[in-house]
Each structure stands twice: as C-alpha cells, then as structure tokens.
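Trainee: Chains G and C are the protein sequences, given in the same order.
Residue 159 is where the first sequence starts when you use our numbering, and the numbers rise one by one after that.
Residue 105 is where the second sequence starts when you use our numbering, and the numbers rise one by one after that.
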Amino acid sequence: TETFVGHQVLRITPTSDEELQVVQELQDLEELQLDFWLEPRGPGYPVDVRVPFPSLQSFKAHLEANGVSYSIMIEDVQALVDNEQTELLRSRRQ
Amino acid sequence: PLSTNTFDYATYHTLDEIYSFMDLLVAENPNLVSKVEIGRSTENRPLYVLKFSKGGTNRPAVWIDTGIHSREWVTQASGVWFAKKIVVDHENDEGLASILDQMDIFLEIVTNPDGFAFTQTQNRMWRKTRSKQSGSVCIGVDPNRNWDAGFGGPGASRNPCSETYHGPYANSEPEVKAIVDFVKSHGNIKAFISIHSYSQLLLYPYGYTRTPVPDQKELHQISEKAVTALSSLYGTNYKYGSIFTTIYQASGSTVDWTYNQGIKYSFTFELRDTGRYGFLLPAKQIVPTAQETWLALKTIMLYTRDHLY
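Rendered as structure tokens:
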C-alpha cells in the first residue's frame, strides 16, 4: 500500500504569467512525482499540489527562489488518510 | 445492515458495501428500482447502473454518474445518498414525483470500480482506470479525457504516466465504452450529469475549445438556477461556466461528448470543498454535500422535464 508520510499539499496562487510558468515548468519534472489536485489555470487561480516528502525541500526552494508564495493546505497527507481509515473501521464495527 | 434504512450514509464505504447497498435498494423497491449491468471494467468488475422508473418503455431520461475519478470519494458517497433520496421522496416530493411521472433516472454510483477498489487497498490517491499500457510501466487512463470529443487535443496528456493521460484511442477504457454504448442504445437521454470533486464548480461544455456551445446562454441560466438552489441550504459557494473558461482546456471529456451526441443538458459538478481537505473530505461532510447537491440536481431535472426536446 502506498503511504503518504510527510507528503504535503501546497496551495500556490500564481499572481502573474511568469509565476504561472514557474509552476507549469515544475509540472513537467516527472522525477518530483508531483500530484496536481488542482491544475494550473491562470494567474489568480489556486494550484493545489501534493508533494512527496523527498521532493518537498527542493520544490519549496524552487518556489522561494522564484518569489512564488505558497501556503500549506495539508501538513501531512498520511495523517488525514489514517483518520479516514479509522473512521471507516469504526463505522464498520458499528 | 438488514435494510437501507440502517445503512450509514455519513461514512465512506467499500466497493462491496456499495454493491450490497444497491441490491438491498432494488430488493426493497422492486416497482421503482432495478439494476442494469452495462459492461465490465478492465479488471472484470461489473459496471452497475441503477434505473429509477415508474414504467413505460424508453422514456426520456436523466443520467447521473459519480466516481469516474476514483479518489473523489465524496462523489460515490453522494451517489449512494441520491439513490436512497429518490426512493424516499419519489411519492411525497411533488417535484421529484412529477419528474418520475415523465422521465426515468439512471444513476451509476461507481463508474470506475477498479480505481475505487485500488484507492481502498493500495493507493488512496489513485484517480485513473487500471488498464495496462503497452510500452509503458505506467498504469491507467484518465477516464475524463478518453471520450471522443476533441480526443487527444490540448488539455490532455499523451504520456501514460500522467494523471491526465488520454489513453491510446477514444473509448479505449471499457468503463467509458460501456456508457457510450448505453447512451447510444438508449437514444432518449435528455440530461447528462457527471459528478466530480473538488473545487465547487458547476460546469457545462465545451472543454476542448473556447468556442461557446450553441446553447451556452440556456446552459448558463440553468447553472445559475441550480447553483442558487444549492447555495440556499448551507451557503456553499459555487462558481459556474463552461469548462474551458472556468477552469482550463480539457479535451476528451465526458460532457463534451454527451453534448455532441445531442444531449443538450450536459453538466459536470465539482463538489466540496474549495481547498482545505481536497479529496480527503471528512465523512461528516458527506450528507450535507449530498443534500445541497441534490437541490441543484433537482433544479436541472425539473428544467429538463419542462423543456423536453
């Protein structure tokens, strides 16, 4: 089973075409294993991306180096998945 | 549970539990609900559609599907809730009763069962089908890029490892082909609603081109009514518009194909939320999400009933 320990979902809201391009360039880097929950649409629209732990540092550094601000939507994906599983098991027991 | 009255609608369920729910619902309501198998998935799971009908043959119909992207769990859970709602309200809700007096409703709750089973066992974040791609180690096709509408154009990926991979050819996915064949053989579907999550949007064609559909004005008006009804319950804020202008270019999408088949009232929903939990929406939000969405669905179905073509 795939686990998501340390994976974070970041929310990026590009404010310009240049910033949008920075995000779109990252989209093509397969080795980062990025999972776009909300795809890049245009300046002003949020982009949500699940970033695996091994890619997190370099991904954030790249955004910061290009002046692209971001926020953390989900601190640890695995924690939410575990929550969900616990709920599922509890309701099944009931 | 011995009956659909004791079924827990406020939690997520496994594929088997949802299939058992369907059988219970049919057994409890033989004069209203039947189960149709429209095909088999890549891994040979049955593709079940619930039919809600008061009789007649080949009557005008509404199609609703959920779960085409398997990780969007709130959609399958909402589909289960819709099924029960139709049964509970089919006589005492005047609007719904009048819809069923004239039309049938088809509801496919688990449109991508292989992907859904995979999210329950191997990878909660799985979105695509589970078909194998010759020449690639990557698995699966995005079933919302595999339809024969602008297929393979910008707004989908030709890379089998991409989440938006369009597949080797249009309708390559049996989960898509089964719906295509059903829609063509039925021939009298008047509204087609495909339900996704998240980002709280109500979308209509086109996605593959910026060109507005001929019925754009009418679809926009219907969307406004439907979103107003949805928001009236809990104030959930939706945006609406064409796929291309509201989100991005997406080729090979479901409702572009259904619209081009002549099904004028073709819509896609993107349910809760706007970006706190995303695909991991807590189970306690299932019922409120389904309740508010139902108001929008009823608005679209009532409009269709009054504007049959």
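From the three backbone atoms N, C-alpha and C, an ideal C-beta is built for every residue, glycine too.
Nothing here was measured: the structure is a model prediction, and the numbers come from that model.
Return yes when the Cβ of residue 136 of chain C is within less than 7 angstroms of the Cβ of residue 156 of chain C, no when it is not.
Mentor: By one-based count along the second sequence, residue 156 of chain C stands at place 52. By one-based count along the second sequence, residue 136 of chain C stands at place 32. Yes, they are a contact pair.
Trainee: Kindly list, in the order they appear in chain G, the residues whose Cβ is closer than 8 angstroms to that of residue 267 of chain C.
Mentor: The count along the second sequence starts at 1 and reaches residue 267 of chain C at position 163. Within chain G, 193 and 194 have C-beta atoms less than 8 angstroms from the C-beta of residue 267 of chain C, given in sequence order.
Trainee: Counting only the same chain and skipping the five closest in sequence on each side, list residues whose C-beta sits under 7 angstroms from that of residue 215 of chain C.
Mentor: One-based indexing of the second sequence puts residue 215 of chain C at position 111. The residues are 169, 170, 171, 172 and 279.
Trainee: Would DSSP call residue 340 of chain C helix, strand or coil?
Mentor: Numbered from its first residue, the second sequence carries residue 340 of chain C at position 236. Three-state result, residue 340 of chain C: coil.
Trainee: From this set, C:310, C:350, C:204 and C:270, which residue's C-alpha is nearest residue 304 of chain C's C-alpha?
Mentor: The count along the second sequence starts at 1 and reaches residue 304 of chain C at position 200. Checked all of C:310, C:350, C:204 and C:270; the closest Cα to residue 304 of chain C is C:350.
Trainee: For residue 412 of chain C, which of C:369, C:394, C:393 and C:381 has the nearest alpha-carbon?
Mentor: In the second sequence, counting from the first residue as 1, residue 412 of chain C sits at position 308. Here the closest residue by C-alpha is C:369.
Trainee: Could you tell me which whole alpha helix (DSSP H) segments of length 4 or greater appear in the segment 358 to 391 of chain C?
Mentor: 358 to 364
Trainee: Residue 231 of chain G lies in the beta strand (DSSP E); which residues open and close that run?
Mentor: As a working mapping, residue 231 of chain G is identified with position 73 in the first sequence. First-last of the beta strand (DSSP E) with residue 231 of chain G: 228 to 232.
Trainee: State the DSSP-derived secondary structure class of residue 210 of chain C, mapped to helix, strand or coil.
Mentor: Walking along the second sequence from the start, residue 210 of chain C turns up at place 106. Reduced to three states, the DSSP call for residue 210 of chain C is strand.
Trainee: So, with DSSP's three-state summary, where would you put residue 130 of chain C?
Mentor: Taking the second sequence and counting its residues from 1, one reaches residue 130 of chain C at position 26. The answer is helix: DSSP assigns residue 130 of chain C an H, G or I state.
Trainee: Do the segment 352 to 365 of chain C and the segment 306 to 317 of chain C touch if we need at least three Cβ pairs shorter than 8 angstroms?
Mentor: yes
Trainee: Go to residue 278 of chain C, then tell me how far its alpha helix (DSSP H) extends in each direction, as first and last residue.
Mentor: Your numbering for residue 278 of chain C matches position 174 in the second sequence. Segment 278 to 290, the alpha helix (DSSP H) holding residue 278 of chain C.
Trainee: Within its chain, find whatever has a CB closer than 6 angstroms to the CB of residue 194 of chain G; leave out the 5 residues flanking it on each side and keep chain order.
Mentor: Position 36 of the first sequence, counting from 1, holds the residue named residue 194 of chain G. 207.
Trainee: If you draw a straight line from the alpha carbon of residue 403 of chain C to that of residue 241 of chain C, how long is it in whole angstroms?
Mentor: What you label residue 403 of chain C is simply residue 299 of the second sequence in a count that begins at 1. What you label residue 241 of chain C is simply residue 137 of the second sequence in a count that begins at 1. Distance between the alpha carbons of residue 403 of chain C and residue 241 of chain C is about 45 angstroms.
Trainee: Using a Cβ cut-off of 8 angstroms, which residues of the segment 179 to 208 of chain C contact any Cβ in chain G, in chain order?
Mentor: none
Trainee: What is the DSSP secondary structure of residue 136 of chain C, counted as helix, strand or coil?
Mentor: Within the second sequence, the letter at position 32 stands for residue 136 of chain C. Coil at residue 136 of chain C, not helix or strand.
Trainee: What do you reckon, are the CB atoms on residue 211 of chain C and residue 154 of chain C nearer than 7 angstroms?
Mentor: On the second sequence, position 107 is the one that residue 211 of chain C refers to. On the second sequence, position 50 is the one that residue 154 of chain C refers to. In contact: residue 211 of chain C and residue 154 of chain C (Cβ atoms closer than 7 angstroms).
Trainee: Quick one: any contact between the segment 138 to 147 of chain C and the segment 270 to 284 of chain C, if contact means 3 or more CB pairs under 8 angstroms?
Mentor: yes
Trainee: Let me confirm a value: residue 140 of chain C is counted as buried when at least 16 other C-beta atoms fall within 10 Å, else exposed. Which label applies?
Mentor: As a first step, residue 140 of chain C must be located in the second sequence, where it is residue number 36. Exposed, since its Cβ has fewer than 16 Cβ neighbours within 10 Å.
Trainee: Look up residue 82 of chain C in the DSSP assignment and give the residues it is bridged to.
Mentor: Because residue 82 of chain C is not part of the residues shown, which for chain C are 105 to 413, the question remains open.
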